[in-house]
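In what follows, a single structure is set out as structure tokens and then discussed.
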Amino acid sequence: MSAGSDELTEAQEDIRQIDALLSRFESAVIQGDLDALREVYSPDAVSIFTGKDGRARGAADILDLWSRHLDTWTDVSIERCDTLVRIHADTAWATFTWNGSGVADGSRYEVKGERWSVVVLCEDGNWRFAQTHASLPFSDWASLKARRS
3 MSAGSDELTE AQEDIRQIDA LLSRFESAVI QGDLDALREV YSPDAVSIFT
53 GKDGRARGAA DILDLWSRHL DTWTDVSIER CDTLVRIHAD TAWATFTWNG
103 SGVADGSRYE VKGERWSVVV LCEDGNWRFA QTHASLPFSD WASLKARRS
């Protein structure tokens, strides 16, 4: 059975809205904008990060973690790649990778292929993160330090 024209139009609009959510998230991280980050998370969201921070529960804890992280970084750039979105009713799943760079402790670091998976829920007509997971593709932080040419 194929989707009707109205269902297809609705699905395309949902995909556009989810892509816009991911773009707002990316921009908020680049700009270090905690207010914009607050807007993309559901109040009961859970975030899982590789490394020492592990799991954060609830938007307040997630934003506290982001605040501490963003306070240590300057000159951040991120490029989102390989985005895949799947939607079922008011729940969607997305995966993507980030390539990025930034300066911390006076050194530039570069990351290629930081893996992300997210679950988003449509709440009051707006898509928001219910769960995020990020994993960095490296074995030690020093290996990400940019080499001077």
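The numbering of the sequence shown is the working numbering, which starts it at 3 and goes up by one. Glycine residues also receive a C-beta, built at the ideal position from the N, C-alpha and C atoms. As the structure is a computational prediction, the values presented were derived from the model and not from experiment.
Excluding five sequence neighbours on each side, which residues of the same chain lie with their C-beta closer than 6 Å to the C-beta of residue i?
{"i": "V120", "result": "A96, F131 and T134"}
{"i": "K114", "result": "N101"}
{"i": "F27", "result": "V42"}
{"i": "S151", "result": "Bear in mind that a pLDDT of 42 at S151, under 50, signals an unreliable position, so the number given afterwards is only what the model happens to contain. Once the five neighbours on either side are set aside, S151 has no close Cβ partner at all."}
Which residue wins for smallest C-alpha separation from residue i, given the options the options?
{"i": "G60", "options": "V42, H71, L72 and D73", "result": "V42"}
{"i": "G108", "options": "G34, D77 and G56", "result": "D77"}
{"i": "D152", "options": "A58, E116, A22 and W75", "result": "No answer is possible for residue 152: it lies beyond the span of the chain, which begins at 3 and ends at 151."}
{"i": "L138", "options": "D16, S103 and E9", "result": "S103"}
{"i": "I64", "options": "A148, K147 and A136", "result": "A136"}
{"i": "L36", "options": "I50, S7, D73 and E9", "result": "D73"}
{"i": "E209", "options": "D126, K147 and Q33", "result": "It is not possible to answer for residue 209, since the shown part of the chain is limited to 3 through 151."}
{"i": "S79", "options": "R18, L24, V31 and Q19", "result": "V31"}
What is the residue span of the beta strand (DSSP E) that residue i lies within?
{"i": "L86", "result": "T76 to H90"}
{"i": "L123", "result": "S109 to E125"}
{"i": "G104", "result": "T93 to A106"}
Start and end of the alpha helix (DSSP H) containing residue i?
{"i": "A38", "result": "L36 to V42"}
{"i": "A61", "result": "A61 to D73"}
Once the 5 residues before and after residue i are set aside, which same chain residues still bring their CB inside 8 Å of it?
{"i": "A22", "result": "none"}
{"i": "T52", "result": "A136, S137 and L138"}
Could you have a look at residue i and say whether DSSP puts it in helix, strand or coil?
{"i": "A22", "result": "helix"}
{"i": "A148", "result": "coil"}
{"i": "T52", "result": "coil"}
Relative to the ligand HEM, is the shortest distance from any of its heavy atoms to the C-beta of residue i smaller than 6 Å?
{"i": "W68", "result": "For the ligand HEM, the structure offers nothing, since it holds no ligand at all."}
Q. Touching or not, the region 68-85 and the region 95-113, by the rule of three or more beta carbon pairs under 8 Å?
A. Segments in contact, yes.
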